[in-house]
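In UniProt numbering, the protein residues as written are 1 to 131.
No residue lacks a Cβ here, since even glycine has one placed at the ideal position from N, Cα and C.
For reference, the structure discussed in these notes is given below.
Next up, the structure:
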C-alpha cells in the first residue's frame, strides 16, 4: 500500500484548506454582521429622530387645539352677547314705541284739556313736560 505518512500529509492539507475556508466564511459573516449592526444603529438613530419630531408635532397640535378651544369659548361668549344685545335693542325699541304712544296720548289730553268751553275744574292742572 502506500506511504502512511503521505496520507497523513494529504489529510492535513485538506484540513488546512477546510479551516481556511471556514475562517474566510467566519470573516465574511463577521463583516456582514458588522455592516448589519451599523445599519441597525443608523435606523435606530433615525427612529429616535422621528419620535422626537413626532413628539414636537404632537405638542404643536395640542397647543393649536388649546388655542382653538379658547377661540371657540370666546365665540360662544360673543354669540351670547350678540343675542343679549339683540334682545335689549328689541326691548328698548318697544319702550320707545310705548313712549311715543304715551306722548301722543298726553298730547291728546293736553289739547283736550285746553280746548275752549271746558271748565277750569275739569281741566288737568298737572304740568307735563314734552318727552
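{"Query": "Measuring only the C-alpha atoms, how far is residue 16 from residue 33?", "Result": "25 Å"}
{"Query": "In whole angstroms, what separates the C-alpha of residue 21 from that of residue 57?", "Result": "53 Å"}
{"Query": "Please go through the same chain and pick out, in chain order, the residues whose beta-carbon is closer than 7 Å to the beta-carbon of residue 122, but skip the five residues on each side of it.", "Result": "Only weak support exists for where residue 122 lies, its pLDDT of 48 falling under 50; the value from the coordinates is given anyway. Answer for residue 122: no residue qualifies."}
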